[in-house]
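S.K.: Okay, here's the structure, questions in a sec.
Numbering (this note's numbering), first residue to last: 3 to 198.
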């Protein structure tokens, strides 16, 4: 499942950092037609894109053991973007959960070639795509709160003002659950054994 994490550990130890969340996405055009499938991972500083390259080993027989985990044998990282250059937008359109990425100009730096059109990714995982959508929003919001350098990160929808803006949502982090007050029942039973 964590293919980006496995490839980082196996091949890219010098740039390794823990992957906070990753899952499959489909790059779609503006009409929602799928163009390419990616496995995207989010770290505290980067967005990593990977995909399968089945022609990686040419015509070699596939039954030969290459000493690799079969899950990442044909998988490779194809792109890596620093979070300073990305603006996230999370939104839903009918029953589709989408993430739109815009490349932004970092403040106080030389001009970059900016993509004219945003990249739109549809969340994969038929049954769990709602869960993935919420998890990605939560992780991106956490990075934004914890690292002021990434203040441009947003979860706003580009299409509708009725969507909840990530900027407007209160961010509450609860490390330990609030202790429950004892009920009347447990207080009565605790006092039953104390006869002196």
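For each residue, glycine too, the CB sits at the ideal point set by N, CA and C.
Roughly how many angstroms separate the alpha carbons of residue 167 and residue 88, rounded to a whole number?
M.R.: Bear in mind that a pLDDT of 43 at residue 167, under 50, signals an unreliable position, so the model cannot answer this.
S.K.: Helix, strand or coil for residue 32 per DSSP?
M.R.: coil
S.K.: Name the one or two DSSP bridge partners that residue 54 has.
M.R.: 77
S.K.: Pull up the distance between the alpha-carbon of residue 50 and that of residue 144, whole angstroms please.
M.R.: 18 angstroms
S.K.: Can you give me the C-alpha to C-alpha distance between residue 99 and residue 92, rounded to a whole angstrom?
M.R.: 8 angstroms
S.K.: Quick check on DSSP: helix, strand or coil for residue 8?
M.R.: helix
S.K.: Please state if the CB of residue 6 and the CB of residue 21 are separated by a distance shorter than 8 angstroms.
M.R.: With respect to the 8 angstroms criterion, residue 21 and residue 6 are classified as neighbours on the basis of their beta carbons.
S.K.: Could you tell me the alpha carbon to alpha carbon distance between residue 81 and residue 53, rounded to whole angstroms?
M.R.: Going from the Cα of residue 81 to the Cα of residue 53 covers about 10 angstroms.
S.K.: Within a Cβ cutoff of 7 angstroms, which residues of the same chain sit near residue 39, ignoring the five residues on either side of it in sequence?
M.R.: 26, 28 and 53
S.K.: Identify every run of the beta strand (DSSP E) within the stretch 88–146, keeping only runs that are complete inside it and at least 3 residues long; order them along the chain.
M.R.: 88–95, 98–105 and 121–125
S.K.: Give the straight-line distance between the Cα atoms of residue 105 and residue 135, rounded to the nearest whole angstrom.
M.R.: 20 angstroms
S.K.: In angstroms with no decimal places, state the Cα-to-Cα distance between residue 46 and residue 35.
M.R.: 30 angstroms
S.K.: What are the residues that DSSP puts in a beta bridge with residue 40?
M.R.: 27
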